[in-house]
Amino acid sequence: MGSYDPSFAKEVFENVDFGDEIKMCMQCGVCAASCPLSLQMDHSPRQIFTLIRAGKREEVLGSQAIMLCTSCYTCEVRCPRKIPVIDVMHGLANYALKHDFVPRKDTANFGGKFWDQIYRIGRIDEKDLSRRYFFAEGIIEGIKGLLGFSDIGLRLFLHKRIKPLPERKIKGIISLRKMLDKAEKMRGRGGASV
Amino acid sequence: MDKNTAVYICTGCSIGDALDIEQLKENGTEDFTISYCKDHPFLCGSEGLDLLNKDIEAEGINTIIIAACSQRVNYDVFNFGPDKIVERVNLREQVAWSQPPKEEDTQMLAEDNLRMGCSKAKDTELPEPFQAEEAYSKDILVVGGGVAGMTAALDTAKAGYQAVIVEKEDRLGGFLAKMKKNVTLPYKELSDTGVEELINSVEEDSRIKVFTSSTVEKVSGAPGLFSVDITSNGDAANERVGAVIQATGWVPYDANKLEHLGYGQFKDVITNVEMEEMAAAGKIVRPSDGKEVKNALFIQCAGSRDSDHLPYCSSVCCLVSLKQATYLKEQNPEALSYVLYKDVRTVGQAEDFYRKAQEDGNVFIRGSVSAVGESGGMLYVEADDELLGEKVKIEELDLVVLAVGMVPRSRPEEVPRVKAPEDEKDADEDGMIEVEQDSGFFANSALNLEYRQGPELPTLQYGFPDSHYICFPYETRRTGIYAAGCVRKPMEIARAKDDATGAAMKAIQCTEATAIGMAVHPRAGDMSYPEFNMQRCTQCKRCTEECPFGAINEDEKANPLPNPTRCRRCSICMGSCPERIISFKNYSVSMIGNMLKAIHVPEEDEEKPRVIALVCENDAYPALDMAGIKRMTWSPYIRFIPVRCLGSINLIWVADALSRGIDGLLLMGCRHGDDYQCHFMKGSELANTRLDKVSETLDRLALESDRVQFVEIGITDYDKIPGIIGEFMEKIEEVGPNPYKGW
Numbered sequence: 200m201g202s203y204d205p206s207f208a209k210e211v212f213e214n215v216d217f218g219d220e221i222k223m224c225m226q227c228g229v230c231a232a233s234c235p236l237s238l239q240m241d242h243s244p245r246q247i248f249t250l251i252r253a254g255k256r257e258e259v260l261g262s263q264a265i266m267l268c269t270s271c272y273t274c275e276v277r278c279p280r281k282i283p284v285i286d287v288m289h290g291l292a293n294y295a296l297k298h299d300f301v302p303r304k305d306t307a308n309f310g311g312k313f314w315d316q317i318y319r320i321g322r323i324d325e326k327d328l329s330r331r332y333f334f335a336e337g338i339i340e341g342i343k344g345l346l347g348f349s350d351i352g353l354r355l356f357l358h359k360r361i362k363p364l365p366e367r368k369i370k371g372i373i374s375l376r377k378m379l380d381k382a383e384k385m386r387g388r389g390g391a392s393v
Numbered sequence: 012m013d014k015n016t017a018v019y020i021c022t023g024c025s026i027g028d029a030l031d032i033e034q035l036k037e038n039g040t041e042d043f044t045i046s047y048c049k050d051h052p053f054l055c056g057s058e059g060l061d062l063l064n065k066d067i068e069a070e071g072i073n074t075i076i077i078a079a080c081s082q083r084v085n086y087d088v089f090n091f092g093p094d095k096i097v098e099r100v101n102l103r104e105q106v107a108w109s110q111p112p113k114e115e116d117t118q119m120l121a122e123d124n125l126r127m128g129c130s131k132a133k134d135t136e137l138p139e140p141f142q143a144e145e146a147y148s149k150d151i152l153v154v155g156g157g158v159a160g161m162t163a164a165l166d167t168a169k170a171g172y173q174a175v176i177v178e179k180e181d182r183l184g185g186f187l188a189k190m191k192k193n194v195t196l197p198y199k200e201l202s203d204t205g206v207e208e209l210i211n212s213v214e215e216d217s218r219i220k221v222f223t224s225s226t227v228e229k230v231s232g233a234p235g236l237f238s239v240d241i242t243s244n245g246d247a248a249n250e251r252v253g254a255v256i257q258a259t260g261w262v263p264y265d266a267n268k269l270e271h272l273g274y275g276q277f278k279d280v281i282t283n284v285e286m287e288e289m290a291a292a293g294k295i296v297r298p299s300d301g302k303e304v305k306n307a308l309f310i311q312c313a314g315s316r317d318s319d320h321l322p323y324c325s326s327v328c329c330l331v332s333l334k335q336a337t338y339l340k341e342q343n344p345e346a347l348s349y350v351l352y353k354d355v356r357t358v359g360q361a362e363d364f365y366r367k368a369q370e371d372g373n374v375f376i377r378g379s380v381s382a383v384g385e386s387g388g389m390l391y392v393e394a395d396d397e398l399l400g401e402k403v404k405i406e407e408l409d410l411v412v413l414a415v416g417m418v419p420r421s422r423p424e425e426v427p428r429v430k431a432p433e434d435e436k437d438a439d440e441d442g443m444i445e446v447e448q449d450s451g452f453f454a455n456s457a458l459n460l461e462y463r464q465g466p467e468l469p470t471l472q473y474g475f476p477d478s479h480y481i482c483f484p485y486e487t488r489r490t491g492i493y494a495a496g497c498v499r500k501p502m503e504i505a506r507a508k509d510d511a512t513g514a515a516m517k518a519i520q521c522t523e524a525t526a527i528g529m530a531v532h533p534r535a536g537d538m539s540y541p542e543f544n545m546q547r548c549t550q551c552k553r554c555t556e557e558c559p560f561g562a563i564n565e566d567e568k569a570n571p572l573p574n575p576t577r578c579r580r581c582s583i584c585m586g587s588c589p590e591r592i593i594s595f596k597n598y599s600v601s602m603i604g605n606m607l608k609a610i611h612v613p614e615e616d617e618e619k620p621r622v623i624a625l626v627c628e629n630d631a632y633p634a635l636d637m638a639g640i641k642r643m644t645w646s647p648y649i650r651f652i653p654v655r656c657l658g659s660i661n662l663i664w665v666a667d668a669l670s671r672g673i674d675g676l677l678l679m680g681c682r683h684g685d686d687y688q689c690h691f692m693k694g695s696e697l698a699n700t701r702l703d704k705v706s707e708t709l710d711r712l713a714l715e716s717d718r719v720q721f722v723e724i725g726i727t728d729y730d731k732i733p734g735i736i737g738e739f740m741e742k743i744e745e746v747g748p749n750p751y752k753g754w
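Protein sequences appear in the order of chains A and B.
Mapping of the first sequence onto this note's numbering: residues 200 to 393, in sequence order.
Mapping of the second sequence onto this note's numbering: residues 12 to 754, in sequence order.
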């Protein structure tokens, strides 16, 4: 039998971006029913909120659900209590990573590489991003990973979704970096930056 | 009055296309004394009305038979003043729109309808409104001086009428005066109760007379003529009033029955009422040691929505707990309240206050309590958390508050016992017997009515006074007596105020209508009233027993003593009387009997059966019209006769009809039982009961009991009508033709 412990809820309200919005949740479950990924999640957004209330720190911060949110905004549009569910999920993901919970290492890894590339060239180069992502765990893992996706890669190439030449930097890359630096300093919003 | 009768047939709305009008004029009216019979293509238009008005003027017509659309439409158009009798014959919805045109059977149906109309017009007399010999009072008695009672009295006064409040406590205010704060519109935050202002405005109003420390000893009489005996501080007083509002409020559910939640076992387990009183007195502390409360847990639905205690939801306890959690937050911003709920039911805009309580950081847990206990001087609660899907324990609690529900003050603690009739088998050794629920005896004393059917408003199973919940919520089963506030149903302050206003308006309406001899709802405007031919009364007491509104008292010799101003004109008494001595000027046993006789019954070898449907004009008749409007079709062999209520059906009609060769009778009325829809509460139920006894009549006539059937029809069931009629016609065909044909 678990004891209710309000201290974790307090921690979330005070430290997690948008964490205090959770107070308004009335557990109707519309977010869970709307979420296209809820079947892949170990806890639906609704369950995450109730676990926070009950003080289940390990379960929440160790949950892969908070890393799986794809920001489709369906839940947020539908929430009758107007909770910014996406921001809360990202806030929790950030907070978990900051406290050394890495429930989905590959997701965190992908997010990091994605962010780095935006910072470097101001746009996404799928070839380069997938190379960096797959080889982050070593050469053998990288080859295995690439081979696993070779089918999709080939088809993307044939449909001209992947260009043969490397992408160039965007024009205003210096200004973009300034903006990103400022954003990093403000740390107002979520985003999967590590 | 000497009748000068004319028939007007409208040929618009495809009536003219469906029927041979000349033949209808001739055949439909030949048996009756009619001055003339005219037709017009658009009777409800200005030309048609001109024609009618000119004829009334020039020919001195005073009885007008309009054979056109249903009586439910254009009743305002075909109104020629109180000194004219208007009879409507339905040729549109139930003939032209639901039967094939130019068929022999359609024509016969129209002719029968017109004959019935002519017959009814012949027997109808102009109602003379009842006028009592004594003077009518238009004052309103309000029993109970809480928020509902005070609001009702104030609104009565504002409308220009006198009000009398009788309050049993030594001051006005009721439960509102015991509250610290109130949550009301717009439900954003706590507000003052405003009870002092309310009391002051009542006390300052010269049109309101207030009796405190007083009780109602006796209410005798009838609407407009009530005489009220009041005991005030030991002195007797008497008031004459026109209508009564019962706003006696509620009591909290007895928490002593909630031992499983720790009440009585732990000092720090209290009810929401005790919490409110403590908050109003000052600081919220632990009753055990007087220390300030930091952590509290509210158990919602404590004894509510529970089949062992109160099966219903009181709809206010959620809001009350949210309010009390806010008290705690105001007292100590660090205080934490847990709310253990089944569903948070903050009705309407009160949802905003739920949001506020969430913003304050209170913890809401959905689940049910499994144990309340104490360890180290602090309480703990174990619960099944439904949303977490596991058992949880909430510890370190200073206070546990049980949100108990509301019980109407009318509900007796135990089933009351009354003196049993002499031959009663179930009576105990003192000759006493438990009273039946749903009677005027099953309620705590508040009004002490001098009514044969019991001293209080008849209550439903949970002790709330019976009303017609869907259509007329303020009404009770006693005309001119209205329930308002929490005695009627659990409600919070804002709703109680609305309720009181509604009841006050109803009460005023009643006094005004009664003074001119007019019926109140649902036959508002009806000027007729039941008249008793006392010489033939056999003192069988059926009318006094069966009147759903307790209108008929009884003298020592068991003669019925009618109180016409208590009457709602449902005619249930007329249906109950075996001697058929009760009648109305415009509705009587013989009138419907003659209508039945006006129907032409074809010989057996013509193979055209005849079935009569007696149709409740409140729900079933509009459903029939609706089916006609939707162009549904059904057998042309059925004839519809609207009745005021199925309860007004006298069994003699069944015998009359069958002995004339009618093949079957269909009774179409409202749903009965717990979720009854009968406008007169008991009418369709009584009809059904009486129908059980009809088999005796049928046996006497050596007829099959299948020939008479009762069907329940709601106003929305129009789509089922062709099916119901079809099935019944099949059954009649199976049973075969009535052997009495042609006798």
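Backbone N, C-alpha and C define an ideal beta-carbon position, used for all residues, glycine too.
Since this is a predicted model, take the numbers as computed values, not measurements.
Going by the CB atoms, is the gap between residue 277 of chain A and residue 318 of chain A shorter than 9 angstroms? no
Taking Cβ-Cβ distances below 9 angstroms as the criterion, which residues of the segment 403–420 of chain B are in contact with chain A? 403, 404, 405 and 406
C-alpha gap between residue 236 of chain B and residue 149 of chain B, whole angstroms: 9 angstroms
Looking at chain B, is there any beta carbon in it that lies within less than 9 angstroms of the beta carbon of residue 266 of chain A? no
Using the beta-carbon of each residue, which ones in chain C are nearer than 8 angstroms to residue 374 of chain B? Judged by its chain identifiers, the structure shown contains no chain C, and its protein chains are A and B.
So that I know if they touch, is there some Cβ in chain B lying closer than 9 angstroms to that of residue 354 of chain A? no
Sequence ranges, beta strand (DSSP E) only - wholly within the segment 39–125 of chain B, length at least 3: 47–51, 74–79 and 96–101
Taking Cβ-Cβ distances shorter than 9 angstroms, what residues in chain B pair up with residue 223 of chain A? 366, 369 and 370
Closer than 7 angstroms at the beta carbon, the chain B residues around residue 226 of chain A: 377 and 398
Exposed or buried, which one is residue 426 of chain B when buried takes at least 16 other CB atoms within 10 Å? exposed
Just the chain B side, please: which residues come within less than 8 angstroms of residue 269 of chain A by C-beta, in chain order? By Cβ distance, chain B contributes nothing, its closest Cβ being about 25 angstroms from residue 269 of chain A, past 8 angstroms.
Does residue 393 of chain A get closer than 9 angstroms to chain B when you measure Cβ to Cβ? The pLDDT assigned to residue 393 of chain A is 36, lower than 50, so where the model puts this residue is not dependable, and the model offers no usable value.
Report yes if the CB atom of residue 261 of chain A is closer than 9 angstroms to the CB atom of residue 212 of chain A, and no otherwise. no
So which residues of chain A does residue 347 of chain B contact, with C-beta pairs closer than 7 angstroms? 205
Closest residue to residue 72 of chain B among B/82, B/52 and B/98 (Cα-Cα distance): B/98
Any beta carbon of chain B sitting closer than 9 angstroms to that of residue 277 of chain A? no
Given that a residue counts as buried once 16 or more other Cβ atoms are within 10 Å of its Cβ, and exposed if not, what is residue 12 of chain B? exposed
Report the three-state DSSP secondary structure of residue 220 of chain A (helix, strand or coil). helix
Keeping to the same chain, check which residues put their C-beta closer than 8 angstroms to that of residue 36 of chain B; ignore five residues upstream and five downstream. 18, 20, 48 and 50
Decide if residue 54 of chain B is buried, meaning its Cβ has at least 16 other Cβ atoms within 10 Å, or exposed. buried
Give me the DSSP bridge partner(s) of residue 261 of chain B. B/419
On the three-state DSSP scale, how would you describe residue 6 of chain B? No statement about residue 6 of chain B is possible, as the shown extent of chain B runs from 12 to 754 and does not include it.
Mind reading off the beta-carbon distance from residue 626 of chain B to residue 651 of chain B? Whole number of angstroms is fine, and I expect it under 8 angstroms. 5 angstroms
If you count every other CB in all the chains shown that lies within 10 Å of the CB of residue 343 of chain B, and 16 or more means buried, which is it? exposed
Only counting runs of 4 or more residues, tell me where the alpha helix (DSSP H) segments fall wholly within the segment 266–347 of chain B, in order along the chain. 283–292 and 328–342
Where does residue 141 of chain B sit, in a helix, a strand or coil, going by DSSP? coil
Do residue 459 of chain B and residue 229 of chain B come within 9 angstroms of each other at the CB atom, strictly closer than that value? yes
What do you get for residue 246 of chain A, buried or exposed, if any count of 16 or more other CB atoms within 10 angstroms of its CB means buried? buried
As a quick exercise: from B/201, B/207 and B/168, pick the residue whose alpha carbon is nearest that of residue 185 of chain B. B/207
With burial defined as no fewer than 16 other Cβ atoms inside 10 Å of the residue's Cβ, what is the status of residue 568 of chain B: buried or exposed? exposed
Whole beta strand (DSSP E) runs in the segment 476–510 of chain B with 3 or more residues, listed along the chain? 492–494
Residues sharing a beta bridge with residue 720 of chain B, DSSP: B/677
Span of the beta strand (DSSP E) holding residue 571 of chain B? 571–573
In angstroms, rounded to a whole number, what distance separates the CA positions of residue 241 of chain B and residue 409 of chain B? 47 angstroms
Should residue 713 of chain B go down as buried or exposed, given a rule of 16 or more other Cβ atoms within 10 Å for buried? exposed
Continuous alpha helix (DSSP H) stretch holding residue 214 of chain B: start and end: 206–215
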